[in-house]
């Protein structure tokens, strides 16, 4: 056998030995990488924004009006008010539980006095359905509601 052929065989044997032996650095690297991944903070979406603060100004800027309750001879005014108020509250995505509280803020003069009396007798907390019913009972005659 020639010397060149011998050298080629030795080189092939060395390459086979190198390929057959596992790299001692790889398992350590892999272990470290997996530990880092396990300890890494997971992506979490940002917290939801705080709920929008709805004020009397917000209500008025969106079409709600004050109700005085002094024109009881025209039940259409009361009906228009309750419908418009409900529409504004829905458009602003006000939760059901907050709607009566915000509607109370729109009551003035005689309507506010009515509400104070009604509030003393009403079950708490007010619901929109109860407020709607009590308001219509007070300001819209039965014959007009039907």
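Residue numbers (the working numbering): 110 to 255. Backbone N, C-alpha and C fix where the C-beta goes; we use that ideal spot for every residue, glycine too. Please read all numbers here as calculations on a predicted model, not as lab measurements.
Residues bridged to residue i by DSSP?
i: residue 176; result: 216
Figure out for me which residue from the options has the closest Cα to the Cα of residue i.
i: residue 170; options: 198, 154, 134; result: 198
i: residue 242; options: 221, 168, 188; result: 188
i: residue 220; options: 234, 191, 233, 235; result: 191
Counting only the same chain and skipping the five closest in sequence on each side, list residues whose C-beta sits under 8 Å from that of residue i.
i: residue 148; result: none
i: residue 208; result: 195, 198, 237, 240
i: residue 227; result: 243, 247
Which residues in the same chain have their Cβ closer than 7 Å to the Cβ of residue i, if we skip the five residues on either side of it in sequence?
i: residue 248; result: 178, 181, 184, 187
i: residue 92; result: Outside the modelled stretch of the chain, which goes from 110 to 255, sits residue 92, for which no answer is possible.
Subject >> Inter-stretch contact at 8 Å, needing at least 3 Cβ pairs: the stretch 196-213 / the stretch 159-172 >> reply: yes
Original post:
Taking one C-beta from the stretch 213-223 and one from the stretch 168-186 each time, how about it: are there three or more such pairs within less than 8 Å?
Top reply: yes
Original post:
At what residue ranges does the stretch 150-215 contain a whole run of the alpha helix (DSSP H), taking only runs of 4 or more?
Top reply: 165-170, 184-200, 208-213
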